[in-house]
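Visitor: The following block contains the structure, expressed as structure tokens.
Residue numbers (our numbering): 1 to 127.
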């Protein structure tokens, strides 16, 4: 079963491009120009969320902070996307798992997504 990624980006062209790239890599993508999919995030059960920091209905870093504060969604990796200069600082402050600065390189986007999807939580072994 393919991994599911929610992509929230306010620029329609960038949203379409990211969705196309990720679908081409075999991921199932739920894309939106606003934060609406996050209202039902527990039912969507995404493996990763790509979240623009500047949205028409909210700030990505505020949404990320809410996701990371909730026990039901804290485990979902969140990557902030933005062109702001202090993106690394913003990502750290809201507990994002990483960030992608615009404009981004396609290979960097793919490798960053793969990295965060391949990171497994520590499991206790029966040894």
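All C-beta atoms, glycine included, are put in the ideal place defined by N, C-alpha and C.
Using DSSP bridges, identify the partner residues of residue 48.
Guide: Partner(s): 5.
Visitor: How do the stretch 74 to 81 and the stretch 44 to 51 stand: do at least 3 beta-carbon pairs fall below 8 Å, yes or no?
Guide: These segments touch.
Visitor: Report the three-state DSSP secondary structure of residue 26 (helix, strand or coil).
Guide: Looking at residue 26 - three-state DSSP - the assignment turns out to be coil, as it is neither helix nor strand.
Visitor: Within 10 Å of its beta-carbon, does residue 92 have 16 or more other beta-carbons around it, so buried, or fewer, so exposed?
Guide: It counts as exposed.
Visitor: When you compare the stretch 52 to 66 with the stretch 1 to 10, are there three or more beta-carbon pairs, one atom per stretch, that lie closer than 8 Å?
Guide: The answer is yes - the stretch 1 to 10 touches the stretch 52 to 66, with three or more Cβ pairs under 8 Å.
Visitor: Beta-carbon within less than 6 Å of residue 3's beta-carbon, same chain only, minus the 5 sequence neighbours each way: which residues are those?
Guide: Taken in chain order, the residues that qualify are 27, 47, 117.
Visitor: Which residue marks the beginning of the beta strand (DSSP E) containing residue 82, and which one marks its end?
Guide: Its beta strand (DSSP E) spans residues 78 to 82.
Visitor: Counting only the same chain and skipping the five closest in sequence on each side, list residues whose C-beta sits under 8 Å from that of residue 44.
Guide: Cβ neighbours of residue 44 beyond the five flanking positions: 4, 6, 30, 37.
Visitor: Using 10 angstroms around the beta-carbon of residue 141, count the other beta-carbons present and answer buried if the total reaches 16, otherwise exposed.
Guide: The structure shown does not extend to residue 141, since the chain is modelled only from 1 through 127, so no value can be given for it.
Visitor: Pick from 70, 64, 72: whose alpha carbon is nearest that of residue 99?
Guide: If we check each option's Cα against that of residue 99, 64 comes out closest.
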